[in-house]
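Sequence order for the protein chains is A and B.
According to this note's numbering, the first sequence holds residues 1 to 212 in order.
According to this note's numbering, the second sequence holds residues 1001 to 1010 in order.
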Amino acid sequence: MNVFRLTGDLSHLAAIIILLLKIWKSRSCAGISGKSQILFALVFTTRYLDLLTSFISLYNTSMKIIYVGCAYATVYLIYAKFRATYDGNHDTFRVEFLVVPVGGLAFLVNHDFSPLEILWTFSIYLESVAILPQLFMISKTGEAETITTHYLFCLGVYRALYLFNWIWRFYFEGFFDMIAIVAGVVQTILYCDFFYLYITKVLKGKKLSLPA
Amino acid sequence: DLHINPKDEL
Chain A
1 MNVFRLTGDL
11 SHLAAIIILL
21 LKIWKSRSCA
31 GISGKSQILF
41 ALVFTTRYLD
51 LLTSFISLYN
61 TSMKIIYVGC
71 AYATVYLIYA
81 KFRATYDGNH
91 DTFRVEFLVV
101 PVGGLAFLVN
111 HDFSPLEILW
121 TFSIYLESVA
131 ILPQLFMISK
141 TGEAETITTH
151 YLFCLGVYRA
161 LYLFNWIWRF
171 YFEGFFDMIA
181 IVAGVVQTIL
191 YCDFFYLYIT
201 KVLKGKKLSL
211 PA
Chain B
1001 DLHINPKDEL
């Protein structure tokens, strides 16, 4: 464990909690892409199957259970409890254009052709593009609630911190995983446009609104 | 070897 991975995990946890609390307290999922949340639930489900097969640490196991639990709770709030507030007209990204290519790539480019490894690889590739429906929805509505921008900022920062974690681990532990690194770089790049808007607007107290 | 991912990350 190093400071980049720990702060990355805490940033990821913060993002997940911020979103869950925002929906729960405001009793509304307006502006939130349910499709992205389904993709995240799929990412955690396919990545954390090793919960059943291997124990790494109490931290690792408990965080995985929290992530999976919150992901499904968020999907439940969006599609069941507060379904009336779900903005389906703007959440129109064609996720099959993400899942199918990512699924194919996971079969073609992986470290080991075993079910667990292919599912892990699928989850790594999927996570790198899972935020696209949410970013697409914001570009369609032309704006985002400030709390949603904080959620996105924490979510984007987490994987950027993981990039530093991988530099650290390569240098000190001689470990690197090219699949995770390339996907992590792609994932972080997808947030750059949002980071720019967040830093130049939201941090100056303005609302995040895109030229629609 | 450099490559084996211990899968100890979240």
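All residues carry an ideal CB built from backbone N, CA and C; glycine is no exception.
Contact between Asp1008/B and Ile167/A is ruled out by a C-beta separation of about 17 Å, above the 8 Å threshold.
Here DSSP, grouped into helix, strand and coil, assigns Ala30/A to coil.
Contact check between the region 124-132 of chain A and the region 186-197 of chain A: three or more CB pairs, one atom from each, fall below 8 Å, which counts as touching. Around the Cβ of Leu52/A, a 10 Å sphere holds fewer than 16 other Cβ atoms; the residue is exposed. When rounded, the separation of the alpha-carbon atoms in Leu197/A and Ser139/A is 12 Å. Cβ neighbours of Phe82/A within its own chain (closer than 8 Å, five residues either side excluded): Ile23, Arg27, Ser28, Cys29. Residue contact with chain B for Met63/A: present (Cβ-Cβ distance below 8 Å to some residue of chain B). Closer than 9 Å at the C-beta level to chain B, one finds these residues of the region 65-79 of chain A: Tyr67.
Contact between the region 153-166 of chain A and the region 4-14 of chain A is present: 3 or more CB-CB pairs across the two stretches fall below 8 Å.
DSSP, read as helix, strand or coil, puts Glu143/A in strand. Put simply, the CB of Arg5/A is near chain B, with a gap under 8 Å to one of its CB atoms. Excluding its 5 nearest sequence neighbours in each direction, His111/A has C-beta neighbours in its own chain below 8 Å: Glu117, Thr121, Asp177, Ile179, listed in chain order. Note that the C-beta distance between Leu105/A and Leu42/A is not below 8 Å.
In the DSSP assignment, Leu208/A forms a beta bridge with Ala144/A.
Cα atoms of Phe136/A and Leu155/A: separation of roughly 16 Å, rounded to the nearest angstrom.
Against Asn2/A, chain B offers no close residue; the least beta-carbon distance is about 11 Å (beta-carbon pairs closer than 8 Å).
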